[in-house]
Amino acid sequence: MLFNSLEFFIFLPIVFILYWFVFFKKTRVQNLFLLVSSYIFYGLWDWRFLFLILASTVVDFFVGQTIYNNTSNSKRKTWLWVSVIFNIGLLGFFKYYNFFIDSWIDLLSIVGYETTSTWTLQIILPVGISFYTFQTMSYSLDIYYKRLQPTKDFISFATFVSFFPQLVAGPIERASNLLSQITTKRVFTYNQCKEGLKLILWGLFKKIVIADAIAPIVDDIFLNYNEYSASTLILGVSLFSFQVYGDFSGYSDIAIGTAKLFGIELMSNFKFPIFARNVAEYWQRWHVSLSTWFRHYVYIPLGGSRVSKLKSVRNIIIIFLVSGFWHGANWTFIAWGALHAVLYIPVFLMGRNRMYMGNVVAENRWFPSLTEILQILLTFSLVTFSRVFFRSTSITDAFGFLEQMYSNFTYETYHHPLGYRMVDYFVLLGIFLLYEFRIRKDERAPFKFKSKIVRFILYALVILGMLLFYDDQIDRSFIYFQF
Amino acid sequence: MKKLILKSVLYIFLILLVLEVLVRVFHLSKDTPTRFLDKHEVEKWFPNQNGFSVTGNRRQNFSEYHINSSGYNSYREFTPSKDKIEIALVGDSFIEGFHQDFYNSIGKKIENAIPSLEVYEYGYAGYDFADQLHLIDSYKKQFDLINHIILGLKFSNDLTRGEYKVVTSRLNLESPLNRLLKKSKLLVYCKSIGILDPPQEFVYKFINLLQPKPKAKTIDKKEIERIKLEEEKRFLANFESLIARYGFEKERYTLLLDSRITSPIFMSYLKKHNFRYIDYASSFESTNRSTTLIYDRHWNNHGRNLIAKNIINYLKSNNLTP
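This is the structure we're talking about:
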């Protein structure tokens, strides 16, 4: 069930009403209802994969308790490994099995041993597997690091793992935030619900108006890159930056907004990365829940930045390679991760990786300074350049794309593949950027204006935008569902 | 909770109201003329209406229509006489041409090329061959004065019936409920861009769930070919039945068709029985520009230019021009 589908807009009010009016008396019953709703939500995609979620839930529920009850460090470690191997094993099989087999065969052919693949399997990637496995693992890891006490309530834990607003594409929550809210009684508050509805509206706008409207252009340019000149290719990859941002941050807003309707606060996932002033700030603002996960469970255990510079650089490289690989079983993602490591390391070595933490561009000012504009443009260009690898279907295509850009370095007028006016999209993106800049201080309040009239006009304009750019021919699924 | 529900309802209502105003201000939605059944049981537009036809979600195509006193979209009135040379174009929405400004129609393009000729466009969305012949028969006196009649024919659509009957499903669009719904420009706009398709499909799916499903039959290629052939023969029989009922003056009537989508059986039948036709397939095939609109399969300006050119060439080569 997609957030931008009719089914969801029937499902959500029903669950909301039953949640607050029928099952509100006991938290445990309310949680059981949320669990059943979440399983229905997921099962409508493919009910067979519910068993994977259930398996991951059962394993980590018992592993968590066993780790907590054991005093012996070696046993605790062994049980932690059970969780890690089980979850990584699920990921490895469903997401990476064919990749490893194909890569192994390619390696053999490089050393002169030609063979045909008979080991690859027709495996469907279960939606959201990368997200919920990481979430369950974080539970066992937190207990192992003694940051968390395990819950004895299986229903609550299963609800934490499968909570439908964030089940398929995050934000990847830590038990200390989400599970603690699930185990305590929720109280309906008008303001929380109102904020939730606003976030859902803004998320839908980003998905329908920004991401979906741009998608046919990006698809066309990346599919036929060898027919276009550099100007079109630059346009394509730049628009992809907006597409992926609109798509994923739109999803996250809807997820956070939906959770608010049930009295639950999820962590922020996007904090206006478009206005990042260097690559380090970009990573503090882009897919925050994943970055946080890697920082807590990989980077810090490796020593983080408290070790020698050389080891820190090694840790950064590991983090970005793993992060790239997490996105998909393709060398393009590994190359994308490596490229980000290359971009991040100089910022780290210059000691500028934490300088923009806790402040936004043009803090306490109406407009950014010239330096800030140049910094934003440079960061956007670098990040956008890396997206050539992220978007291409293979490494060969990515290099082909770059080679075409270099060899055909000319300007041409691009025409929309469906014949629409291109100027509409440029005007749209211009307005979107200005608006995002206006609201840049609070990613959870997209309509924070004192005047009720201004807010009302904005709601109407946002919905009008959706009506103007809605296209029933477009594949409306979310990009990050494939991860 | 009460506050949330009340405020949500209020906001939804006010936002819908504002959207209705915005859709009207920016003229995003099409106007819908009124249709009726005349005394001859010919379905047509109510005379003397004006409005704008809009296609696509950001006015990708915006055109003006004018329904003349005969009930058809045309910049001119139809006043055939023996003193002038007139051509009639009879057909469906492609001839009706709501997707173009009424003063830039196929007929106008032909008249621009041959100024002393008058072109009457009897186009109406959904007209099939039975509708066309029934119209000509019903207004025989008027059509007898017209020098040449060109009938648009799409083989797969226009020969599905062998006798004329009033199409009630189209007239049902004029039901009080439909007229009322059409008053909301927002609703008309939402329907035109496909936003209402998912709820409709959902309702159909739900209804289908309650009904027993027929067992799906597997049909092999031979069976498909046999069914196709049978259908083509049926269409041909319908053609014969209609011309037997209404008559077909081979010297004065010409069919306008695309041989790429016309059955070879029908094509050879036309040739064998000396039916005149204009085949625009080659001109559409040879152009490297799109001949249809973005959001719609109707001809765009380029497509209409090609059609006009085909008709002009045909008229000239057959000495049908003044």
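Read top to bottom, the protein sequences are chains A and B.
Sequential numbering of the first sequence, starting at 613, is according to our numbering.
Sequential numbering of the second sequence, starting at 313, is according to our numbering.
The beta-carbon is built from N, C-alpha and C at its ideal position, and this holds for glycine as well.
Whose C-alpha, out of the options, is nearest the C-alpha of residue i?
i	options	result
L329/B	I1086/A, D1084/A, L1076/A and V856/A	L1076/A
V871/A	L618/A, F628/A, I622/A and N616/A	Residue identity differs from the one stated: residue 871/A is Ala in this sequence, not Val. For A871/A, the nearest C-alpha among the options comes from F628/A.
K866/A	C805/A, K1060/A and L816/A	The displayed chain sequence assigns Ile, not Lys, to residue 866/A. Selected option, being the one with the closest Cα: L816/A.
G782/A	L902/A, L813/A and D718/A	L902/A
L569/B	K466/B, D443/B and H585/B	K466/B
L656/A	P913/A, F615/A and V799/A	F615/A
V696/A	G970/A, Y1023/A and Y909/A	Y909/A
N416/B	A620/B, T599/B and K628/B	A620/B
G464/B	L489/B, S487/B, E408/B and Q412/B	E408/B
S558/A	V671/A, V780/A and D765/A	Summary: the structure shown does not reach residue 558/A, with chain A confined to residues 613 through 1095, and so no result is reported for it.
I458/B	S496/B, Y589/B and Y565/B	Y565/B
S481/B	L322/B, S320/B and F348/B	F348/B
K540/B	K452/B, I519/B, F514/B and S575/B	S575/B
Y1018/A	W905/A, W943/A, A842/A and A1057/A	A842/A
Are the beta-carbon atoms of residue i and residue j separated by less than 8 Å?
i	j	result
T367/B	D608/B	yes
K923/A	V900/A	no
D859/A	F1090/A	yes
I397/B	S365/B	no
Y592/B	N622/B	yes
N362/B	H378/B	yes
Y863/A	V995/A	no
G676/A	S752/A	yes
S649/A	F776/A	yes
I929/A	A953/A	yes
A974/A	N710/A	no
E355/B	Y436/B	yes
R1088/A	F852/A	no
S341/B	Y501/B	yes
I822/A	F854/A	yes
S1101/A	R1056/A	Since the first residue shown for chain A is 613 and the last is 1095, residue 1101/A is missing from the structure and cannot be characterised.
Quick one: does the C-beta of residue i sit closer than 7 Å to a heavy atom of the ligand HEM?
i	result
K638/A	By its list of ligands, the structure shown contains no ligand whatsoever, and the ligand HEM lies outside what it can speak to.
Which value, in whole angstroms, describes the spacing of the CA atoms of residue i and residue j?
i	j	result
I876/A	F1001/A	36 Å
T801/A	Y968/A	34 Å
K1053/A	K1062/A	15 Å
M749/A	K534/B	57 Å
R557/B	L492/B	39 Å
A892/A	Q778/A	26 Å
S917/A	Y654/A	39 Å
Y439/B	D404/B	5 Å
F1068/A	I327/B	8 Å
V321/B	K351/B	48 Å
G1031/A	L1045/A	25 Å
G970/A	N976/A	13 Å
F772/A	P913/A	25 Å
D824/A	I665/A	29 Å
Counting along the chain, where does the alpha helix (DSSP H) carrying residue i start and finish?
i	result
N469/B	F467 to D470
T690/A	N685 to L703
D859/A	A842 to L873
G1077/A	K1064 to F1081
G949/A	W943 to L961
L618/B	N613 to S629
R557/B	K533 to Y558
D413/B	Careful: D413/B lies outside any alpha helix (DSSP H) and carries neither H nor E.
A1010/A	I1007 to S1019
W814/A	Y802 to F817
Along the chain, where does the beta strand (DSSP E) containing residue i start, and where does it finish?
i	result
F364/B	Q361 to T367
N373/B	N373 to I379
G724/A	Careful: G724/A lies outside any beta strand (DSSP E) and carries neither H nor E.
R347/B	R347 to L349
L331/B	From DSSP, L331/B is part of no beta strand (DSSP E) but of the alpha helix (DSSP H) over K314 to V337.
Contact set between the segment 1004–1037 of chain A and chain B, restricted to residues whose Cβ is under 7 Å from the partner
Of all residues in the segment 1004–1037 of chain A, the ones placed with a Cβ closer than 7 Å to any Cβ belonging to chain B are L1030, G1031, Y1032 and D1036, in chain order.
Mind checking the segment 558–585 of chain B against chain A and listing, in chain order, the residues whose C-beta falls within less than 7 Å of any C-beta there?
Contacts with chain A (Cβ-Cβ distance below 7 Å) from the segment 558–585 of chain B involve no residue at all.
Please list the residues of the segment 761–784 of chain A that have a C-beta atom closer than 9 Å to any C-beta atom in chain B, keeping them in chain order.
So nothing in the stretch comes that close.
Quick one: which residues of the segment 330–343 of chain B get their C-beta closer than 7 Å to a C-beta of chain A? List them in chain order.
Residues V330, L331 and L334.
Interfacial residues, the segment 357–384 of chain B to chain A, with Cβ spacing under 9 Å
If the cut-off is 9 Å between Cβ atoms, the segment 357–384 of chain B has G368, N369, R370 and Q372 near chain A.
Can you pull out the residues from the segment 663–689 of chain A whose beta carbon lies closer than 7 Å to at least one beta carbon of chain B?
Taking a C-beta cut-off of 7 Å against chain B, none of the residues of the segment 663–689 of chain A qualify.
For the segment 623–635 of chain A, which residues have a CB atom closer than 9 Å to at least one CB atom of chain B, in sequence order?
Of all residues in the segment 623–635 of chain A, W632 and F633 have a Cβ within less than 9 Å of some Cβ in chain B.
In the segment 488–502 of chain B, which residues sit with their C-beta less than 9 Å from some C-beta in chain A, listed in chain order?
So the close ones are L498, Y501 and C502.
Members of the segment 504–526 of chain B that neighbour chain A once the beta carbon cut-off is set at 9 Å
The residues in question are I505, G506, I507, D509, P510, P511, E513 and F514.
Using a Cβ-Cβ cut-off of less than 9 Å, list which residues of the segment 822–847 of chain A approach chain B; keep chain order.
Taking 9 Å as the Cβ-Cβ cut-off against chain B, none of the residues of the segment 822–847 of chain A qualify.
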